[in-house]
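Take a look at the structure set out below.
Residue numbers (the working numbering): 4 to 187.
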């Protein structure tokens, strides 16, 4: 993008983002691990402005990190992605949601460095809600449900349907999901 045009857009965005920037500066330690996963990959105010301006899904994560009662006062300035729903008591640092329309995340816990694409469902089933480990990637259209545990360093392929525990260090695919590869 033309640097002049980018400067004009970011300046106008900054005005409506003043409350967001103030919250970001007050809570940088909560937001920076997520921020380095988007846009320029740097934990800076400029990158925060870019991420909030260009990525609605980042806004959802920002509002989640700020808490329901704090974010309710600023959401109207920069609306979140309406079809990304997060019902999770804890999401570890370094989460990245990409193109997350029509995504429903209802888990007991999601670990650090979580990566998720669109049309993903984590939800209730037999035995409760799933628990997601660290360094987990869930690709387009996958469904994970029930009181199961997804281990660390797991990749869940697009369209997979997971309703049994998944051990650490593997790739699962299919309906029902099975282990297709062990990772080192």
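Every residue gets a Cβ at the ideal spot worked out from N, C-alpha and C, and that includes glycine.
Because the structure is a prediction, the values reported are computed rather than measured.
Per the coordinates, the alpha-carbon of residue 72 lies some 14 Å from the alpha-carbon of residue 64. Secondary structure at residue 108: strand, using DSSP grouped into helix, strand and coil.
Taking C-beta separations shorter than 8 Å and ignoring five residues to either side along the sequence, the partners of residue 19 in its chain run 80 and 81, following chain order. A Cβ-Cβ separation of about 5 Å places residue 133 in contact with residue 151 under the 8 Å criterion. Three or more Cβ pairs drawn from the region 115-124 and the region 134-148 lie within less than 8 Å of each other, which places the two stretches in contact. Cβ neighbours of residue 108 within its own chain (closer than 6 Å, five residues either side excluded): 89, 91 and 125. The residue from 129, 127, 106 and 137 with its alpha-carbon nearest to that of residue 113 is 137. In terms of Cα proximity to residue 156, the closest of 179, 165 and 174 is 174. Your pair residue 66 and residue 78 checks out as a contact, with CB atoms roughly 6 Å apart and the cut at 8 Å. The three-state reading of DSSP puts residue 9 in helix, counting H, G and I together. Proximity to residue 37 across 22, 25, 49 and 54 peaks at 54, based on C-alpha coordinates. In the displayed model, residue 53 falls within a helix according to three-state DSSP.
With respect to the 8 Å criterion, residue 180 and residue 153 are not classified as neighbours on the basis of their beta carbons.
Here the alpha carbon of residue 12 sits roughly 21 Å from the alpha carbon of residue 26. In this structure, residue 84 and residue 57 do not form a Cβ contact; the two beta carbons are roughly 12 Å apart against a cut-off of 8 Å.
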